[in-house]
Amino acid sequence: MPLLYSLAGIALFCIALRAVILATAPLRAILAVNVMSSGVFLVLVALARRTPGLMPDPVPHAMVITGIVVAVSATAMAIVLTQRLRAAAGTNTTEDAPRADP
Amino acid sequence: MNPVETGATWAIWLIVSPLAAALIAFLLPRVAAGIALVNAVFMTTAALALLDQVTEAPRCFALGGWGAPLGIDLYADTLSGVLLVVTSVVFLATLLYSRSYLARTAIGPLFWPISLFLHAALNALFLSADAFNLYVTLELLSLSAVALVALADETRAVAAALRYLLASIVASLAYLLGVALLYHATGVLDLAALAERVTWTPTTWAALGLMTAGLALKGALFPVHFWLPGAHSYAPSPVSALLSALVVKAPFYVLLRLWYAPFVGAPEVVANLLGLLGAVAIVWGSVQALRQERLKLLIAYSTVAQIGYLFLLFPLAQTRSALQGVTVFILGHALAKAAMFLAAGNIYQYLGHDRIRDLRRVARELPVTLAAFAVGGVCIMGLPPSGNFIGKWLLIEAAFEQGDWGWAVIIVAGGLLSAAYVFRVLGHAFTLGKKRAEGTGAPATMAWTAFGLALLALMLGLAAAPLIDIIGSPVAVAVAIAAVPAQ
């Protein structure tokens, strides 16, 4: 089971990495990096159960908590920068930009 | 056991003092500049004191009395010592410069607390020897660096800051996933303990790949340097100086630490790939620098090229002179590049632009500033007696020692290319032409801080012999981490 969850986490990481590379709009890229971080956290939590039947290792959980704090602050900062860009440019690049892929 | 206690105070102060100063500067904007300068002087003293201590033996400090496997240790050897010293010297000069610089711009007092956070993050990073602690310090560093870039209230600066932030989040996540896999494989995070337990399984391979890729993106190695030119050139000039001189070195430092401890047995092909990308970075960055129309963009592309030299370390990592050469090179580049960006800031404020083709008469009207740029440029070219010359010399020596003379060719070619772009700027600056309307020259502090840094970079070569002595060999760096007495 931990293996399945960690593979799912790695899959999320890869899908979101593709999205962030292809993103044309900042908001899309911000969402994508958040999905990426969820993937990493899923891997960390899944791998914490090292031995079946025993208590999970608390260290990766502590790492996830720290990671969440970092992700929240970075997201907040990215959103502030996006808003300042929109205010300055007067154009709405976050939502209305033409998109090539569906 | 004894040295552990005596050394602890300086290492702790190096982190606590800038953090405390940042909070005070944030709450009391009127005294912010004063606090920042007092802190910078104190940091220089503390870093020198710590370097003096670690020259005898590396130190480790168990925070809160918890030992390595459970708690997180701070760790310092001569490599971290010299980097801490150069960090505080560059900060001291840049902050002195910033007081006059900010008075002539619309950038608010937020510059002071954020730059203090940046200083705290850098110090903490150089004192960490724990894979996860390094992740946290890298994040603190990136967030403060991005905030500093965004202080320049121009659309292109904000756009560059956003691109920088996104690139650095992706890089950190790749690094963190690598840490997760490494922890799964070994059950430890401390670099020394990791070095003992790493075995080459597919999991370790994946961790090596993810962590290296993440750090290369954060450290702007070709071809993932795309975020650097914008962020470093559109930022306010003192910020550009801090970013180019210090911040880009931090991810490289982490990679170096990993390379000499847990990944010491990494396959040669990865090392050669990193070296090859470094070589392409040298050529590509220099050619791009030659083609730029704007002075600050030229200096930023020069940073892309100079980062390439650092990555030549990996294919040559087993020779003693390569590690010493790269260390001296980092110090020399930090001082010279900071001087060049500060000089560019003076020119920008004087002219109101930094178009290279319109630099005529600058040599006559801003003599000290241009001298700073020229001396900094001479160091970047790698002419003696600069630290960069010694650094390149040692790298070439390492290349010959190992029989890979191809790296030596790249090092020499990069020097010639950098001479071309530096002389292009000097050529325009020395051109006589129509006089401009009377402008005010750069304030003395702004001109002389830039010149002082350039002079230090030039003189570094004269101090290189004792410096090389204390840096020691690759084996010493790896063994030192493991040999520090556990609590």
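Chains A and B, in that order, are what the protein sequence lines are.
Position in the first sequence (first residue = 1) + 1295 = this note's numbering.
Position in the second sequence (first residue = 1) + 193 = this note's numbering.
C-beta: ideal position from N, C-alpha, C; glycine also.
Item                                                                                                                                : Value
C253 of chain B - partner residues in DSSP beta bridges                                                                             : B:Y268
Same chain, Cβ closer than 7 Å to V561 of chain B, five either side skipped, listed in chain order                                  : A640, W641 and F644
Identity of the residues DSSP links to D383 of chain B by a beta bridge                                                             : B:D323
Residues, ordered as in the chain, of the segment 409-429 of chain B that lie near chain A by beta-carbon distance below 9 Å        : none
Chain-ordered neighbours of L1349 of chain A on chain B, where CB pairs are closer than 7 Å                                         : Those within 7 Å of L1349 of chain A in chain B number zero; the least Cβ separation is about 13 Å.
Minimum Cβ-Cβ distance from A1303 of chain A to chain B less than 8 Å                                                               : no
Cβ distance (whole Å) where S479 of chain B is taken to contact A591 of chain B below 8 Å                                           : About 21 Å separates the two Cβ atoms, so there is no contact after all.
Chain-ordered neighbours of F219 of chain B on chain A, where CB pairs are closer than 9 Å                                          : Neighbours of F219 of chain B on chain A: none; closest Cβ ~16 Å, over 9 Å.
Chain B within 8 Å of P1353 of chain A, Cβ atoms only                                                                               : no
Chain A contacts from the segment 356-378 of chain B (Cβ-Cβ distance under 7 Å)                                                     : L358, L359, I362, V363, L366, L369, L370, A373, Y376 and H377
Per-residue burial, V605 of chain B [other beta carbons within 10 Å of its own, 16 or more giving buried]                           : exposed
Reduced DSSP secondary structure (H/G/I, E/B, other) of R487 of chain B                                                             : strand
Against chain B: residues of the segment 1318-1349 of chain A by CB proximity under 7 Å                                             : P1321, A1324, V1328, M1331, S1332, V1335, V1338, L1339 and L1342
R292 of chain B, DSSP secondary structure in three states                                                                           : helix
Sufficient close CB pairs (3 or more, under 8 Å) joining the segment 1306-1316 of chain A to the segment 363-376 of chain B         : yes
7 Å Cβ shell around T1389 of chain A - same chain, five flanking residues per side excluded                                         : Below a pLDDT of 50, predicted positions are generally treated as unreliable, and T1389 of chain A, at 44, falls in that range; the measurement from the model is reported next regardless. Around T1389 of chain A: A1320, P1321, L1322, T1377 and R1381.
Buried or exposed by the 16-neighbour rule on C-beta atoms within 10 Å, applied to R450 of chain B                                  : buried
CB contact below 8 Å: R1313 of chain A versus chain B                                                                               : no
Sequence-distant residues of its chain with Cβ nearer than 6 Å to P1351 of chain A (five each side left out)                        : A1343 and R1344
Beta carbon of S210 of chain B nearer than 8 Å to that of M236 of chain B                                                           : yes
Exposure of N465 of chain B, with buried meaning 16 or more beta-carbon neighbours within 10 Å                                      : exposed
Buried or exposed by the 16-neighbour rule on C-beta atoms within 10 Å, applied to C1309 of chain A                                 : exposed
Proximity test, Cβ basis, 8 Å: A1306 of chain A and chain B                                                                         : no
8 Å contact criterion, which T330 of chain B and A314 of chain B should meet: CB distance rounded                                   : 6 Å
Nonlocal neighbours in the same chain, by C-beta distance under 8 Å from L414 of chain B, ignoring five residues either side        : L467, L470, G471, A474, I500, G501 and F504
Short CB-CB distance (under 8 Å) between M1296 of chain A and chain B                                                               : no
Buried versus exposed call for K489 of chain B [16 or more other C-beta atoms within 10 Å across all chains shown]                  : buried
Sequence-distant residues of its chain with Cβ nearer than 6 Å to A354 of chain B (five each side left out)                         : V339, V342 and A343
Within 8 Å of chain A by C-beta, residues of the segment 237-271 of chain B in sequence order                                       : none
Nearest neighbour of A454 of chain B, chosen from B:V432, B:A388 and B:G596 [CA to CA]                                              : B:A388
Whether F445 of chain B touches G407 of chain B by CB criterion (8 Å)                                                               : no
Under 7 Å by beta carbon: chain B residues contacting V1367 of chain A                                                              : Result: empty, since nearest Cβ-Cβ is about 11 Å, beyond 7 Å.
C-beta neighbour in chain B for L1376 of chain A, strict 8 Å                                                                        : yes
Cβ neighbour criterion (16 or more within 10 Å) applied to T392 of chain B                                                          : exposed
Whole-Å CB distance - S426 of chain B paired with A493 of chain B, under 8 Å assumed                                                : 4 Å
Validate contact between the segment 1355-1363 of chain A and the segment 1323-1330 of chain A using beta carbons, cut 8 Å, 3 pairs : no
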